[in-house]
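For reference, the structure is listed below as structure tokens.
Protein chains: 2
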Amino acid sequence: MKLADEVVDTLNDLRQSIDNIDSAMIHMLSERFRCTKRVGTLKAAHGLPPADPDREAYQIDRLRKLADQARLDPDFAEKYLAFIVREVIRHHEAVGRSTAIQG
Amino acid sequence: MKLADEVVDTLNDLRQSIDNIDSAMIHMLSERFRCTKRVGTLKAAHGLPPADPDREAYQIDRLRKLADQARLDPDFAEKYLAFIVREVIRHHEAVGRSTAIQG
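Note that the protein sequences, when read in sequence, are chains A and E. The working numbering puts the first residue of the first sequence at 311, with every later residue one more than the last. The working numbering puts the first residue of the second sequence at 311, with every later residue one more than the last.
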């Protein structure tokens with residue numbers, strides 16, 4: 311049973327690291343959405359268009375390069391950004407609906 | 311143009327925060343996949359099943375509670391986990407194919 315115990319210990323150790331990373335991610339995602347909500351409010355208040363293709367192209371290029379340096383698949387980094395942006399759009403649409411309701 | 315300059319400054323400031331957060335996320339995602347790759351290798355070496363429903367239920371429950379504390383939508387936290395797990399499965403399948411090719 312010695313080997314099995316060692317395996318279980320190693321597995322639990324890796325899972326603790328995964329849980330720690332996920333905790334950090336949740337808090338950073340919360341902070342990121344706080345920023346994008348402020349961007350959305352600012353753009354709406356000053357009549358700026360919600361989408362900015364140049365900014366998005368810059369973000370994709372930047373994250374792909376960062377991923378490459380961090381030995382993360384650059385395609386996955388781009389998928390991560392698209393995943394987050396979908397949620398940001400959902401927030402902005404919710405704000406838009408709320409504004410429309412309020413007149 | 312005073313107001314416009316202030317708006318642009320605020321927008322650039324928020325975007326700098328978003329870029330900083332994304333940089334941290336990319337590096338943490340890379341580290342998270344290093345952990346799950348080790349988990350996958352360990353499980354394969356010791357004939358453990360790749361999926362663990364109890365572990366997954368624990369992760370979902372934990373992340374939803376954390377999200378609630380961090381004022382992040384718990385449904386989004388669960389979507390985040392599902393998004394990551396899909397990529398982990400893709401990695402494990404790739405390792406499985408590679409092992410099969412090597413005999």
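Built from N, CA and C at the ideal position, the CB exists for glycine as well.
{"Check": "Beta-carbon spacing of E/Leu277, E/Glu388 below 8 Å", "Outcome": "There is simply no residue 277 of chain E to check, as chain E begins at 311 and stops at 413 in what is shown."}
{"Check": "Neighbouring residues, chain E, relative to A/Thr320 (Cβ below 7 Å)", "Outcome": "Leu352"}
{"Check": "Beta-carbon spacing of A/Leu382, E/Ser340 below 8 Å", "Outcome": "yes"}
{"Check": "Limits of the unbroken alpha helix (DSSP H) element including E/Asp362", "Outcome": "Element bounds for E/Asp362: n/a, residue is neither H nor E."}
{"Check": "At least 3 beta-carbon pairs within less than 8 Å: the region 355 to 371 of chain E vs the region 358 to 377 of chain A", "Outcome": "no"}
{"Check": "Per-residue contacts from A/His402 into chain E (C-beta, under 7 Å)", "Outcome": "Here the premise fails: no neighbours, minimum Cβ distance about 14 Å."}
{"Check": "Rounded separation between A/Val405 and E/Arg407 - CA only", "Outcome": "46 Å"}
{"Check": "Short CB-CB distance (under 8 Å) between A/Ile370 and chain E", "Outcome": "no"}
{"Check": "Chain A contact residues for E/Glu388, given Cβ-Cβ distances below 7 Å", "Outcome": "Near E/Glu388 there are no residues of chain A at all, since even the closest Cβ is about 11 Å away, more than 7 Å."}
{"Check": "Residue-chain proximity (E/Asp332, chain A), Cβ-Cβ < 8 Å", "Outcome": "yes"}
{"Check": "Chain-ordered chain A contacts of E/Glu397 [CB-CB under 7 Å]", "Outcome": "Phe386"}
{"Check": "Beta carbon proximity, E/Glu341 to chain A, threshold 8 Å", "Outcome": "yes"}
{"Check": "As assigned by DSSP and simplified to three states, the class of E/Arg400", "Outcome": "helix"}
{"Check": "Spatial neighbours of A/Lys415 in its chain, beta-carbon cut-off 8 Å, leaving aside the 5 residues before and after", "Outcome": "The requested residue 415 of chain A does not occur in the structure, where chain A is confined to residues 311 to 413."}
{"Check": "Buried versus exposed call for E/Arg365 [16 or more other C-beta atoms within 10 Å across all chains shown]", "Outcome": "exposed"}
{"Check": "Same chain, Cβ closer than 8 Å to E/Val318, neighbours up to 5 away in sequence not counted", "Outcome": "none"}
{"Check": "Close-in-space but distant-in-sequence residues of the same chain around E/Gly350 (CB under 8 Å, 5 per side omitted)", "Outcome": "Pro360, Val398, His401, His402 and Val405"}
{"Check": "Backbone CA spacing between E/Ala380 and A/Gln326 [nearest angstrom]", "Outcome": "20 Å"}
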